[in-house]
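Peer 1: Sharing a structure here in structure tokens format.
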Amino acid sequence: MKGIILAGGKGTRLYPMTKVISKQLLPIYDKPMIYYPLSVLMLAGIKEILLITSPSDIHQYRALLGTGEELGISIEYVIQQYPNGIAESFILGEDFIGNESVCLILGDNIFFGQDLVRELQKSSEIIEGAKIFGYPVKDPSSFGVVEFDSEYNVVSIEEKPLIPKSNYAVPGLYFYDNEVIKIAKSVRKSERGELEITSINNRYLELGKLVVVPLSRGIAWLDTGTPEGMLKAAEYVETIQSRQGLYIACLEEIAWRKKFISDELFRNLGQKLAMTDYGKYILTLLNES
């Protein structure tokens, strides 16, 4: 399975913070926002990743993440000239995806929880169809909304409805078979002028090939599209890390535990950051092991 991170858009809801920088490069507590979606793909065991971003930001992402070699993964980059919608990711990433299935995660979504790794590993084994998730929220009208029947079979999915049919939002994490490329190419722009990911999901629903899994209480989903969302996410990360002593989205740790990199490379990565709590954490893990 291949992985795609969509880190485009203008981030206008975060102006003036994002007037000169991509929102996914802004910090969520002690690390760039982009670390969190990247960590999710790595936790799913995905090692080939495409990052889609704007022309003005691609150089900064390259400077931050490079080729991914230090983490034992491969990161490629593609430019999205205009924010044409989430579904365009599969058209831009067609050559990268090739004949494989693909996982798409939005660059401003944060997932965390004890059940997360198990759910990611199951989802990454998808061969046919599509798998997305439902997450209960207080105000679902700002998201794609999924409607279930009494047995949690999906009935409908609507994009940002004025009158939501449920309180289950669709988080920015999607697993698809290779047919998603063909389906994405058939999508028409919505009234908002975008290629909506909901259109892809509805097509899989029509084909009877869509699975929607309600996320358990053991998994947290944090949307960071607003200043309030960013603040709450930063407070959440700080609380977990301070109380448990375990870091969220430490890419080096994930690469090491997944055996993408050796002990020696893990140590070298920690030593480069030894003057920070982040680097000291890495070195502590290695010493304890």
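Quick note on our numbering: the sequence shown kicks off at 78 and runs consecutively.
Yeah, the Cβ is synthetic: ideal placement off N, Cα and C, and Gly gets one too.
In chain order, what residues of the same chain have a beta carbon less than 7 Å from the beta carbon of Tyr229, not counting five sequence neighbours either side?
Peer 2: Hits under 7 Å: Pro291.
Peer 1: Just to check my reading of the structure: Asp216 and Gln101 have Cβ atoms closer than 8 Å, yes? What is that Cβ distance to the nearest angstrom?
Peer 2: Not quite, the Cβ-Cβ distance comes to about 23 Å (not below 8 Å), so this is no contact.
Peer 1: From Ile182 to Leu83, what distance separates their C-alpha atoms?
Peer 2: Going by the C-alpha atoms only, they are around 7 Å apart.
Peer 1: Which of the three DSSP states is assigned to Val223 in this structure?
Peer 2: Residue state, collapsed to three classes: strand.
Peer 1: Does Arg294 pass the burial test, meaning 16 or more other C-beta atoms within 10 Å, or should it be called exposed?
Peer 2: Exposed.
Peer 1: With distance defined between alpha-carbon atoms, name the residue in Lys87, Ile81 and Thr316 nearest to Gly170.
Peer 2: Checking every option, the nearest Cα to that of Gly170 belongs to Ile81.
Peer 1: Which ranges would you report for the alpha helix (DSSP H) in the region 81-120 if only whole runs of at least 4 residues count?
Peer 2: Qualifying alpha helix (DSSP H) stretches, in chain order: 112-120.
Peer 1: Please name the residue, chosen from Ala332, Gly190 and Pro114, that lies closest to Tyr251 on a Cα-to-Cα basis.
Peer 2: The shortest Cα separation from Tyr251 among Ala332, Gly190 and Pro114 belongs to Pro114.
Peer 1: When DSSP builds the beta bridges, which residues end up paired with Lys286?
Peer 2: Lys286 is not bridged to any residue.
Peer 1: Taking 9 Å as the threshold (C-beta atoms), are Arg344 and Leu360 in contact?
Peer 2: Yes, they are a contact pair.
Peer 1: Between Gln348, Leu128 and His136, which has its C-alpha nearest Val155's C-alpha?
Peer 2: Residue Leu128 is the option with its Cα nearest to Val155.
Peer 1: If you check the beta carbons only, do Met78 and Ile152 fall under 9 Å apart?
Peer 2: It is not a contact, given that the beta carbons lie outside the stated cut-off.
Peer 1: Is the region 91-109 close to the region 192-202, with three or more CB pairs under 8 Å?
Peer 2: Taking 8 Å as the limit for Cβ pairs, the verdict is that the region 192-202 does not touch the region 91-109.
Peer 1: If I measure Cβ to Cβ from Lys87 and keep anything under 6 Å in the same chain, skipping five residues before and after, which residues do I get?
Peer 2: None.
Peer 1: Since Ala246 and Phe220 are thought to touch, with beta carbons under 8 Å apart, how far apart are those beta carbons, to the nearest angstrom?
Peer 2: About 4 Å; that satisfies the 8 Å criterion.
Peer 1: Going by DSSP, what residue range makes up the beta strand (DSSP E) through Pro304?
Peer 2: Careful: Pro304 lies outside any beta strand (DSSP E), inside the alpha helix (DSSP H) at Pro304 to Gln321.
Peer 1: Below 9 Å between beta carbons: does that hold for Ala311 and Tyr106?
Peer 2: Yes; because the gap between Cβ atoms is below 9 Å, this pair is in contact.
Peer 1: Roughly how many angstroms separate the alpha carbons of Phe337 and Glu330, rounded to a whole number?
Peer 2: Between Phe337 and Glu330, the C-alpha separation is close to 10 Å.
Peer 1: For Leu308, count neighbouring Cβ atoms within 10 angstroms of its own Cβ and tell me buried if that reaches 16, exposed if not.
Peer 2: Flag for Leu308 reads exposed.
Peer 1: Could you check how far apart the C-beta atoms of Ile209 and Ser178 are, in whole angstroms? I think they sit under 8 Å.
Peer 2: Contact doesn't hold; Cβ gap of about 14 Å is too wide.
Peer 1: If Ile274 sits next to Ile163, beta carbons under 8 Å apart, how far is it from one beta carbon to the other, in whole angstroms?
Peer 2: Confirmed, about 4 Å.
Peer 1: Can you tell me which of Ala207, Lys335, Ser263 and Ser166 puts its alpha carbon nearest to the alpha carbon of Val117?
Peer 2: If we check each option's Cα against that of Val117, Lys335 comes out closest.
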